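Chains as they are written, first to last, in our numbering: chain L, 70 to 289; chain D, 149 to 983. Just so it is clear, CB atoms sit at the ideal spot from N, CA and C, and this is done for glycine as well. Being a predicted model, the structure only gives us computed values, none of them experimental. Shown next, in structure tokens, is the structure this report addresses.
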């Protein structure tokens with residue numbers, strides 16, 4: 070995948086690897102999302118954080134990344150950093166030892182924390198701006214926040230999956246967290262952000278990626 | 149379970165006089181019910197509609213209240229599946245009470261009852277309260293329940309046959325189990341249509357009070373119904389469900405009768421039939437439409453017009469299977485497959501409520517296979533054979549809901565509650581360990597990883613009793629009570645067309661038009677803007693969707709894209725399927741079938757073989773660039789769909805390169821690139837291995853973790869059990885949000901703790917529900933080593949119907965990867981300059 074003059078390798082997990090920078094990018098981990106429901110009496114399974122971290126750990130090992138940038142909303146709530154189970158906490162410690170972890174702040178987790186690595190509002194890296202929320206009219210911007218998904222319809226078969234979406238100025242990563250939902254890229258939230266004639270959409274399959282024709286996109 | 153002779157009872161003079169003034173005499177079964185009550189027994193009365201069931205149910209109450217005028221508080225609870233029925237029965241009961249000059253207070257309690265009256269009823273209940281299972285659950289979750297129900301002497305359960313096969317029956321059984329503790333003196337009278345296993349139903353009502361006898365009473369069945377199959381000279385279609393060929397003949401039949409009820413199996417069939425009849429309605433006959441997607445006001449209007457005798461015909465789905473009596477219906481028509489004998493008999497019972505005259509009904513097959521099914525139903529009805537479903541074992545999710553409700557009423561000891569729920573028939577065999585797991589789930593989610601102790605909903609007191617952690621828990625419980633989970637629905641609103649421009653994806657649409665009704669949201673995921681479909685008897689065009697509303701406009705199109713929206717697809721009953729196989733396997737009787745059908749079977753005999761009663765016919769043949777395998781298990785669409793899913797996986801492993809499949813009620817067609825005939829001939833593929841029962845092991849397991857049907861089942865369990873909420877106080881969640889999050893929850897839970905109690909609950913439901921694994925298992929055992937393979941050069945006559953369905957019947961939620969792969973290939977071709 071080429072964006073703003075750089076080459077990226079998208080992974081079926083939803084991470085984006087920037088080989089030249091030995092950097093793994095992920096967006097919207099939403100750790101501790103399910104446990105945050107428990108406080109209100111909805112006992113959702115407390116396993117989403119563990120599953121997300123396990124996938125992330127596997128991606129770090131398979132790419133050999135030396136740096137990890139989490140593009141905001143790493144935790145579903147700021148308090149999430151304090152409700153982590155001991156096992157998940159240990160997993161994060163191992164990973165922060167393995168790679169330099171940069172946590173960018175998001176609307177769900179604006180406050181810095183002390184889990185290891187650095188907390189930053191956003192990051193400039195080799196001509197690109199990495200941040201949580203995409204902005205209209207920005208250039209060379211890599212962001213998350215919107216949880217993009219593509220819904221395609223082809224000969225009676227419909228499929229809706231998270232996706233990477235970019236034009237020549239803006240790239241949005243899919244949400245990486247196991248507990249995250251998604252928004253159709255045809256919905257109003259995306260409309261003004263992209264130059265639709267030059268848009269590219271890459272859907273996440275079971276163990277590969279599918280660049281698909283925007284002609285096939287449907288709503289819903 | 150002998151019943152006492154009815155002659156031993158005598159009516160109190162007030163009632164006897166009332167009968168005399170009316171010129172009536174009490175019917176035998178009405179006195180039987182009274183005799184059972186006086187003998188201190190519970191009773192199950194099996195009676196057809198119109199047999200004076202209401203009076204039968206309440207005669208003991210009136211008698212007892214006349215004999216004991218000082219009775220304080222609630223005396224009799226009446227519980228029915230429909231609130232409309234409760235309201236109607238209240239009216240029918242008030243009339244004789246007033247005429248007899250009795251001072252008995254009768255009230256209803258439904259979702260429509262004002263909050264002030266509901267609160268008053270808890271403190272000052274009437275003597276007779278008519279309500280629904282959901283309202284019962286709510287009442288019992290209040291601390292006042294013990295006082296309110298302590299005086300209860302009788303429970304009358306109406307249409308019990310319709311409740312015991314669903315989770316509403318589970319909820320009801322648990323409520324009655326609690327009542328049997330609060331009011332040990334109470335006795336039950338249950339009213340039911342004829343069922344296959346009345347003994348099970350009797351056990352069901354006997355379970356709460358095992359110390360008392362339970363009588364099984366049967367009212368006279370009345371006259372034998374006259375049933376026929378529509379005869380026309382029109383050509384019978386091979387496939388499809390529209391029954392277009394029959395519209396003219398049906399229209400003439402409607403003209404010849406006073407009032408006709410036309411039952412169909414799905415809402416889309418209802419739309420098509422309604423449209424078809426109006427297209428030829430030169431006499432402007434008042435013909436109405438009634439199905440679950442229409443707005444409530446519209447349905448009430450139709451019902452009111454029906455009661456007033458203003459309608460000539462109503463096209464309806466199962467929404468009118470139960471309900472208030474309409475005396476004037478003199479013909480019931482079943483368009484499309486009857487699906488089951490008991491269902492058919494109950495629908496026939498909707499006609500002519502005078503017992504001494506025969507009910508009249510007509511079957512209209514919509515394709516050739518359905519002719520066989522209609523013939524089978526004709527025979528079954530003539531023999532009065534019942535094939536209704538048996539009562540089901542209790543759902544874990546419903547028990548979870550009940551446990552929470554009981555904690556809201558008062559703190560409890562686990563030992564006591566466990567003993568209590570064993571008085572509910574569906575839970576009588578529930579092991580203690582399972583009960584404890586469900587209790588643990590209610591308290592803290594029941595996860596192996598003990599993460600949520602500090603957020604617990606239930607906590608143990610120092611004495612070891614379970615109580616709710618805070619009052620919000622009770623509030624949440626009351627908002628989530630009940631077992632009916634709707635598909636995520638969107639409102640359909642009629643607006644003026646804005647003129648559809650290609651490529652236009654946004655822009656305002658004129659809002660504020662009339663609401664036509666509601667439809668499953670997922671249906672619109674398959675529509676493009678401008679697509680036309682039938683809704684509410686009109687052809688409309690899809691204009692767009694915003695929030696929870698879909699906008700449609702009146703369309704000029706004469707050829708709409710038919711909505712394939714779900715609802716009411718009952719599977720073919722095992723019993724009718726058996727009979728269909730027998731008809732096919734008896735060539736000597738084929739001459740009794742309509743010519744197009746017998747010719748068709750003879751052609752099949754010539755070109756291939758006709759499936760026999762005990763074996764499974766598997767045909768393989770090439771067609772175009774692909775190879776097809778068609779088999780005929782006759783086990784219903786759901787079981788075939790599951791079979792198709794599992795066989796495709798196995799064929800993939802056998803390198804037969806399958807591409808897709810289509811399942812009908814009768815057959816399954818799989819197609820692919822590999823030459824199946826050759827693979828079988830050269831022993832590289834064994835049909836015995838392919839169809840071996842072990843597919844229900846690992847293959848099923850592999851599929852379940854990604855199955856959309858499992859996720860839908862899980863969503864229901866998650867909502868009923870209270871894992872996710874229907875709505876928050878003051879903040880209604882949209883259906884869409886619940887669906888998405890429940891899918892994610894399923895993924896996370898299934899990956900991490902596949903043995904969790906809710907996954908277990910989901911599996912149990914799926915096994916007899918959307919996946920119908922139970923039936924598939926029976927079939928695989930039946931046909932083991934009885935597979936007849938027929939390699940053919942071309943499609944067989946019997947395969948034609950299911951082959952015609954290809955492309956018309958999308959498989960729910962499957963084909964994910966392949967759609968993406970094809971879209972990616974397409975992009976690649978574009979990039980290379982091709983097309």
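Our contact map puts residue i next to residue j with C-beta atoms below 8 Å; I'd like the distance itself, whole angstroms only.
| i | j | result |
| --- | --- | --- |
| residue 277 (chain D) | residue 222 (chain D) | 6 Å |
| residue 90 (chain D) | residue 291 (chain D) | The structure shown does not extend to residue 90 (chain D), since chain D spans only 149 to 983, so no value can be given for it. |
| residue 284 (chain D) | residue 323 (chain D) | 4 Å |
| residue 213 (chain D) | residue 243 (chain D) | At roughly 16 Å, the Cβ-Cβ gap does not stay under 8 Å, so residue 213 (chain D) and residue 243 (chain D) are not in contact. |
| residue 90 (chain L) | residue 194 (chain L) | 6 Å |
| residue 220 (chain L) | residue 286 (chain L) | 7 Å |
| residue 329 (chain D) | residue 526 (chain D) | Their Cβ separation, rounded to whole angstroms, is 48 Å, which puts residue 329 (chain D) and residue 526 (chain D) out of contact at 8 Å. |
Could you spell out where the alpha helix (DSSP H) holding residue i opens and where it closes?
| i | result |
| --- | --- |
| residue 723 (chain D) | 722-732 |
| residue 167 (chain D) | 161-170 |
| residue 624 (chain D) | 619-628 |
| residue 362 (chain D) | Looking at the DSSP string, residue 362 (chain D) is not in any alpha helix (DSSP H); the run it does join, the beta strand (DSSP E), is 362-366. |
| residue 259 (chain L) | 257-260 |
| residue 205 (chain D) | 201-215 |
| residue 948 (chain D) | 948-953 |
| residue 284 (chain D) | 281-288 |
| residue 309 (chain D) | 308-311 |
Along the chain, where does the beta strand (DSSP E) containing residue i start, and where does it finish?
| i | result |
| --- | --- |
| residue 581 (chain D) | Premise fails: residue 581 (chain D) lies in the alpha helix (DSSP H), 580-592, not in any beta strand (DSSP E). |
| residue 193 (chain L) | 192-194 |
| residue 687 (chain D) | 686-694 |
| residue 226 (chain D) | 224-227 |
| residue 181 (chain D) | Taken as a continuous stretch (DSSP letters only), residue 181 (chain D) belongs to no beta strand (DSSP E), being part of the alpha helix (DSSP H) at 176-186. |
On a Cα-Cα basis, can you pick out the residue from the options that is closest to residue i?
| i | options | result |
| --- | --- | --- |
| residue 441 (chain D) | D:414, D:594, D:461 and D:809 | D:414 |
| residue 366 (chain D) | D:380, D:247 and D:184 | D:184 |
| residue 255 (chain D) | D:395, D:231 and D:592 | D:231 |
| residue 233 (chain D) | D:409, D:467 and D:376 | D:467 |
| residue 75 (chain L) | L:211, L:151 and L:152 | L:211 |
| residue 852 (chain D) | D:918, D:665, D:429 and D:547 | D:918 |
| residue 701 (chain D) | D:718, D:933 and D:682 | D:682 |
| residue 769 (chain D) | D:948, D:638, D:306 and D:858 | D:948 |
| residue 393 (chain D) | D:372, D:403, D:373 and D:421 | D:421 |
| residue 303 (chain D) | D:550, D:332 and D:470 | D:332 |
| residue 729 (chain D) | D:895, D:750 and D:761 | D:761 |
| residue 816 (chain D) | D:792, D:800 and D:257 | D:792 |
Who are the near neighbours of residue i in its chain, counting only those whose CB is closer than 6 Å to its CB and skipping five residues on each side?
| i | result |
| --- | --- |
| residue 812 (chain D) | 950 and 953 |
| residue 208 (chain L) | 238 |
| residue 528 (chain D) | 489 |
| residue 588 (chain D) | 594 |
| residue 797 (chain D) | 847 |
| residue 87 (chain L) | 77 |
| residue 970 (chain D) | none |
| residue 621 (chain D) | 605 |
| residue 160 (chain D) | 211 and 214 |
| residue 341 (chain D) | 309 and 494 |
| residue 716 (chain D) | At residue 716 (chain D) the pLDDT is 45, less than 50, meaning the model places this residue with poor confidence and gives no usable figure here. |
For residue i, collect the residues of the same chain with a Cβ closer than 7 Å to its Cβ; drop the 5 residues on either side in sequence, then sort them by chain order.
| i | result |
| --- | --- |
| residue 282 (chain L) | none |
| residue 804 (chain D) | 820, 822, 824, 827 and 833 |
| residue 248 (chain L) | 99, 102, 103 and 117 |
| residue 167 (chain L) | 129 |
| residue 739 (chain D) | 746 |
| residue 162 (chain L) | 185 |
Taking 8 Å as the limit between beta carbons, can you name the residues of its chain near residue i, skipping five residues before and five after?
| i | result |
| --- | --- |
| residue 572 (chain D) | 318, 321, 322, 324, 325, 355, 356 and 542 |
Legend entry - Complete runs of the beta strand (DSSP E) confined to the segment 513-574 of chain D [at least 3 residues]: Counting whole runs of 3 or more residues, the segment 513-574 of chain D contains no beta strand (DSSP E) stretch at all.
Legend entry - Whole runs of the alpha helix (DSSP H) within the segment 333-406 of chain D, excluding any shorter than 4 residues: Within the segment 333-406 of chain D, the complete alpha helix (DSSP H) runs of at least 4 residues are 346-354 and 395-404.
Legend entry - Start-end ranges of the alpha helix (DSSP H) lying completely within the segment 436-466 of chain D, minimum 4 residues: Secondary structure within the segment 436-466 of chain D: the alpha helix (DSSP H) runs of 4 or more consecutive residues, fully enclosed, are 444-455 (chain order).
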